[in-house]
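Right, one structure below, let's go through it.
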Amino acid sequence: MAQSPSAAGTIDRPELAPDGRHLRAERSRKCIVEALMTLIRNREIMPSAERVSEAANVGLRTVFRHFEDMDSLYQEVGEQIEAEIRPIIDKPFTSTDWREQVLEMIDRRAEAFEWIMPFKVQANARLLQSAFMREKHRCAVEADMAGLYCVVPEELRQDDAFCSALCAAISFDVWHRLRVDQKKTPEEARHAMRRIARALLASC
């Protein structure tokens, strides 16, 4: 005799039905993360937990029920941003020449930098307050250098001054100075970074 769905499978097992409290908790957590991201995009500098709870329309205790502290909340925001920009950064190079690959790297970074600029400015503003953010910044700088080492020929990796100068030339700090301090358009800033890099590449 054929078994009924409830006997053969798990369709009717109430313990496997979605838990309403769990779903509500996930929605609250998502709202909190999205609230912080929106505040940062709106250029609000260092929003407090109170501002996040207000923007998410949840209680302050709810924020800290989901996140131990603001650093853990920023960590989740950072993970979402990383997931957004990773496909841009990791695209295969179209050129086999390492110098052209550096220029391709600049084009990709320009796209990623423009997207993350408000978040990076926010992270930099928290460096003095947060050991967690300082460690994230240190890891990001090391990742930038490691990415460059993957492109630069081995014999040039021994030239610390050259590698340090090239890494600085294609950094977010230069992008931010061009875009904000010098009020360049994204395209103008990209061309300026490429020109700096070309001058360095021509020296080796």
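Under our numbering, the sequence shown has 82 at position 71, and the numbering climbs by one with no breaks. A virtual CB, placed ideally from N, CA and C, is assigned to each residue, including glycine.
Euclidean distance between Cα positions of residue i and residue j
i, j, result
"K224", "L189", "The chain is shown from 12 up to 215; residue 224 falls before or after that span and cannot be answered."
"R201", "F130", "19 Å"
"D108", "L114", "10 Å"
"A60", "M81", "7 Å"
"E125", "M204", "13 Å"
"Q140", "R149", "15 Å"
"P25", "E37", "With a pLDDT of only 42 at P25, under the threshold of 50, the placement of this residue in the model should not be trusted; the figure read from the coordinates follows. Using only the alpha carbons, I get a separation of about 20 Å."
"R283", "I100", "Residue 283 lies beyond the residue range present for the chain, which begins at 12 and ends at 215; the question has no answer from this structure."
"R32", "C42", "15 Å"
"R35", "N53", "27 Å"
"W186", "A121", "7 Å"
"R110", "P164", "10 Å"
"L47", "E199", "30 Å"
"N68", "E153", "38 Å"
"K102", "M144", "27 Å"
"K147", "D30", "35 Å"
"P197", "I127", "13 Å"
"A151", "C161", "15 Å"
"Q193", "A157", "29 Å"
"E166", "D184", "27 Å"
"V191", "E55", "16 Å"
"F104", "E79", "40 Å"
Beta-carbon proximity of residue i to residue j, cut-off 8 Å
i, j, result
"A66", "L84", "no"
"D224", "S182", "The structure shown does not extend to residue 224, since the chain is modelled only from 12 through 215, so no value can be given for it."
"S106", "H77", "no"
"L159", "A180", "no"
"V74", "V88", "no"
"L225", "A208", "Residue 225 lies beyond the stretch modelled for the chain, which goes from 12 to 215, so this question has no answer here."
"M57", "Q133", "yes"
"A44", "Q91", "Sequence inspection shows Val at residue 44; the Ala mentioned does not correspond to that position. Contact: yes."
Local Cβ density within 10 Å of residue i, reported as buried at 16 or more and exposed below that
i, result
"I117", "buried"
"L3", "Residue 3 cannot be examined here, being either before or after the span of the chain that is shown, 12 to 215."
"L71", "exposed"
"A136", "exposed"
"S214", "exposed"
"R206", "exposed"
"A123", "buried"
"S17", "Note that S17 scores a pLDDT of 42, beneath 50, so its modelled location is shaky; the value from the coordinates is reported in the next line. Under this definition S17 is an exposed residue."
- Query: Pairing CB atoms from the stretch 84 to 97 with CB atoms from the stretch 168 to 177, are three or more of them under 8 Å?
  - Reply: no
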